[in-house]
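Below is one structure; the comments refer to it alone.
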Amino acid sequence: MTGLLFAVFAFAVVAITYIINPVAATTKGALKVSVAKQFCTFVKTAKQAGNALGTQIPKIKTAIENASKAQLQNELASLKLPAHRDAALITAAYAAQELSANLQALGSWTQTETNTLAQAVFSAGAIDSFLRHLDEHRSKSASDNKNCIGADANGNYEAYELDTECGDIELSKSTAGPTDVKATIEKAFGGITNPETSGGSNGCLLFNDVNTAYSNKADGLQYLQGLIKVSTTSGLTAAAPIAEQKQTNKLIKSIEANWETTQAALQHVTIQAPTDLQTFKKLLAKADSRAALKTAATEYNNWKADNLPGPIDSYLKKAYGIQTDGDEGTYLTALKSLEATVRGSPGETTSKPIFSMTVTELQEAIAAEIVTIGDRYAKITKEIDTLRQNQGKEASEDTCNKIKVKTECNATAECSFNKTETDEN
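Numbering-wise, the sequence shown is residues -25 to -1, 1 to 400 according to mature numbering (1 follows the signal peptide of the UniProt record, and there is no 0).
Below you can see the structure in the form of structure tokens.
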């Protein structure tokens, strides 16, 4: 009996002791800072790619609008400035080429490219959010080393700024930088096979023995579709190499497969066709800048590329009335002085410089000029017909006056014999 009471007492002491001082759970190591920073190279690049699209589309839109306007300006000039028709139509052809190129750039954003970039931004957000979650589970100074992201050597606190490494959470605040997301994959996730930090007691609850807390997690945890792997017993553990995962991991497989055309779409450089005096001057300023007009001049003149009539720049300088580099040229001088009649208030019209006209005004002015030319052509045609008729009538009368024989006169379609006349007179 005494032995039994002692045994019960001993058990009670052990139980109370356990309640007061429970056995310490095995704490897990932290994700290495170097690995977290590598992840950020993917995140930051994807954010920069998203930001690049946000700035590129407005540029393409502006370039399309400018090219369309420049084409109309110079088409109108070709009608109103016949002495400068070659220069006007070459510039119009150049603007048309730029319009086509920018429309193609816009068209390069098919569903595939758009979805691929969207996936990159989404994946970056997922990884960014995960890293920020780990970042919240770490000490703020070296005096209290409990971290889910820690120094490579020992898992202790290491200062870093996630907004600097991964970029700001707000995409619009991303700065310009590299956009080739696919090129970062191998480097960004090259450390996923690395072990956790050494030191062993960093207090990362997120990497604790998951099987004791979640009975259905017998295989551990797979964060980010397997980029981060947590064992049921040993915390962070080596994930499958990125060379294996990049073809199957849902976060990156479409980026791996389709990024080339997406990157090409992001790399389009817009060229602004000249719609104002300063841009036009820059285009015509020197041989290097005028070279942009070479293809348009070849197309306008229907020249063979391998059989050009001498140096193209010499031809362009002559067409635009340029004596030496830096000169404004006679075409640009005439163009900046050109005005056209546009509608003003209801029932009123006004003259407006060509560089100040809107696209609609340019279209209306071209239509009006074509009507005017048509009216002039109709009037000239009528005058020519009248002149021909008068010339024919005069010729007929002259012929009749010379015919004195009745039979000859009646045989001539242009006249008939006058009975008052005689063969003698």
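The beta-carbon is built from N, C-alpha and C at its ideal position, and this holds for glycine as well.
Helix, strand or coil at residue i [DSSP, three-state]
| i | result |
| --- | --- |
| Ile32 | helix |
| Glu314 | strand |
| Gly125 | strand |
| Gly210 | strand |
| Tyr198 | strand |
| Pro249 | coil |
| Ala(-2) | With a pLDDT of 35 at Ala(-2), under the threshold of 50, the modelled position of that residue is not reliable, and no figure is offered here. |
| Val244 | coil |
| Ile203 | strand |
| Val(-13) | At Val(-13) the pLDDT is 32, less than 50, meaning the model places this residue with poor confidence and gives no usable figure here. |
| Ser320 | coil |
| Pro286 | coil |
| Lys256 | helix |
| Gly130 | coil |
| Glu231 | helix |
| Ile341 | helix |
| Cys15 | helix |
| Ser118 | coil |
| Thr237 | helix |
| Leu51 | helix |
| Ser173 | coil |
Own chain partners of residue i with C-beta closer than 7 Å, once the 5 adjacent residues on each side are dropped
| i | result |
| --- | --- |
| Ala68 | Ala271, Glu274 and Tyr275 |
| Lys225 | Gln200 |
| Thr254 | Gln247 |
| Val185 | Lys192, Gly195, Leu196, Val205 and Thr207 |
| Ala42 | Ala70, Glu73, Leu74, Asn77 and Ala248 |
| Ser289 | none |
| Ala163 | Gln13, Phe14, Thr16 and Phe17 |
| Val8 | Ile124, Gly125, Ala126, Asp127, Glu133 and Tyr135 |
| Asp110 | Ile124 and Leu137 |
| Thr91 | Ser229, Ile230, Asn233, Trp234 and Thr237 |
Enclosing alpha helix (DSSP H) for residue i [first to last residue]
| i | result |
| --- | --- |
| Glu73 | Arg60 to Gly82 |
| Gln298 | Unbroken run through Gln298: none, as it is neither H nor E. |
| Gln185 | Looking at the sequence shown, residue 185 is not Gln but Val. It spans Val185 to Ala188 - the alpha helix (DSSP H) in which Val185 sits, taken as one unbroken run. |
| Thr87 | Gln86 to Glu111 |
| Gln222 | Unbroken run through Gln222: none, as it is neither H nor E. |
| Thr324 | Careful: Thr324 lies outside any alpha helix (DSSP H), inside the beta strand (DSSP E) at Thr324 to Pro328. |
| Ala158 | Val156 to Ala163 |
| Asn276 | Lys269 to Asn276 |
| residue 455 | The chain is shown only over -25 to 400; residue 455 falls outside these bounds and no answer can be derived. |
| Asp138 | Leu137 to Cys141 |
Contact set for residue i: own chain, Cβ-Cβ below 6 Å, skip 5 residues either direction
| i | result |
| --- | --- |
| Ala315 | Ala340 |
| Ser320 | none |
| Leu64 | Ser53 and Tyr275 |
| Gly166 | Val10 and Gln13 |
| Lys3 | Cys179, Phe182, Asn183 and Gly210 |
| Gln238 | Asp155 |
| Ser149 | Lys22, Gln23, Asn26 and Gly142 |
| Thr66 | Asn49 |
Among the options, the one whose alpha carbon lies nearest that of residue i
| i | options | result |
| --- | --- | --- |
| Thr20 | Asn233, Val156, Ile345 and Ala188 | Val156 |
| Gly29 | Phe182, Leu64 and Leu146 | Leu146 |
| Val10 | Thr347, Glu235, Ile348 and Ile160 | Ile160 |
| Ile102 | Thr16, Gln48, His243 and Leu283 | Thr16 |
| Gly82 | Phe164, His243, Cys123 and Asn49 | His243 |
| Gln13 | His59, Leu259, Asp127 and Gln48 | Asp127 |
| Arg107 | Lys115, Ser98, Lys121 and Asp138 | Asp138 |
| Ala62 | Lys162, Lys148, Leu310 and Glu336 | Leu310 |
| Ala151 | Asn26, Lys354 and Leu6 | Asn26 |
| Gln86 | Pro33, Glu40 and Ala240 | Ala240 |
| Glu303 | Lys256, Ala294, Gln338 and Ala342 | Lys256 |
| Trp84 | Lys44, Ile32, Thr356 and Gln46 | Ile32 |
| Ala158 | Ser173, Ile217 and Ile144 | Ile217 |
| Pro170 | Ile297, Glu40 and Gly130 | Gly130 |
Residue i, enclosing beta strand (DSSP E) - first and last residue
| i | result |
| --- | --- |
| Lys3 | Note, Lys3: premise wrong, no beta strand (DSSP E); not H, not E. |
8 Å contact criterion, which residue i and residue j should meet: CB distance rounded
| i | j | result |
| --- | --- | --- |
| Ala95 | Ile203 | In fact, because the Cβ distance is near 19 Å, the residues do not count as touching under 8 Å. |
| Ala213 | Thr168 | 5 Å |
| Leu291 | Arg265 | 5 Å |
| Lys269 | Ile287 | 5 Å |
| Ala38 | Thr333 | Rounded, the Cβ-Cβ distance is 17 Å, inconsistent with contact. |
Own chain, CB closer than 8 Å to residue i, minus 5 neighbours either side, in chain order
| i | result |
| --- | --- |
| Lys55 | Leu313, Ala315 and Glu344 |
| Asp300 | Ala260, Lys261 and Ala262 |
| Leu258 | Pro249, Ser264, Arg265, Ala267 and Leu268 |
Neighbour flag for residue i against chain D, beta carbons, 8 Å
| i | result |
| --- | --- |
| Ala80 | Any reference to chain D falls outside this structure, which holds one protein chain only. |
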